[in-house]
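Residues 439 to 566 in this note's numbering are what the sequence shown lists, from first letter to last.
Heads up, the beta-carbon is just placed ideally off N, CA and C, and yes, glycines get one too.
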Amino acid sequence: MHTFPLVLIVDDDEDDQEFLKIVAEQSAFPGQLLFAQDGRQALELLASQQPDLVISDVNMPRMNGLELLAHLKTSTQWQQIPFILLTTNGSQEASERAYAQGVTQFLSKPSSQTELAQLWKQLTHAYC
């Protein structure tokens, strides 16, 4: 069991991963970040890690964010972990599907580092 918050970031865009890493450092986040390129890699990490929060992109190769969400919510080991989906395409249909599958929040990806920093603070204060 870890004593500091552990956040799993699932996103195939390396720039988005880097922005989140910078925002976490600038906010003096006391925890650790794990990164996965897609849902399958996230599942590999989850085999040995128990994060306090999962933040995932929706659109990714191999296993997208909605598929990862569905997989985690069917497992008693992972179903209680808060799961945030971020997307650049926040369609009503995708939002409804995500909430039906048990997503904690379904949000549009911030378009600036300032917005991302605000969102990071909100999410980590609420769930970590």
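message: From the DSSP secondary-structure annotation, give me the bridge partner or partners of PHE442.
response: Answer by DSSP bridge pairing: none, since PHE442 is not bridged.
query: So, do the stretch 550-561 and the stretch 527-534 have three or more beta carbon pairs nearer to each other than 8 Å?
result: no
message: Our contact map puts LEU545 next to LEU524 with C-beta atoms below 8 Å; I'd like the distance itself, whole angstroms only.
response: 6 Å
message: Would GLN543 and ILE522 be called neighbours here (beta carbons separated by less than 8 Å)?
response: yes
SER533 - DSSP class collapsed to helix/strand/coil: helix
task: Would you check if the stretch 468-479 and the stretch 443-452 touch, i.e. whether three or more CB-CB distances between them fall below 8 Å?
output: yes
Cβ shell of ALA462 (< 7 Å), same chain only, five flanking positions each side left out: LEU471, TRP558
query: In chain order, what residues of the same chain have a beta carbon less than 6 Å from the beta carbon of ASP476, not counting five sequence neighbours either side?
result: ASP450, MET498, PRO499, ARG500, MET501
field: Residue ranges of each beta strand (DSSP E) within the stretch 472-546, 3 or longer
entry: 491-495, 521-525, 543-546
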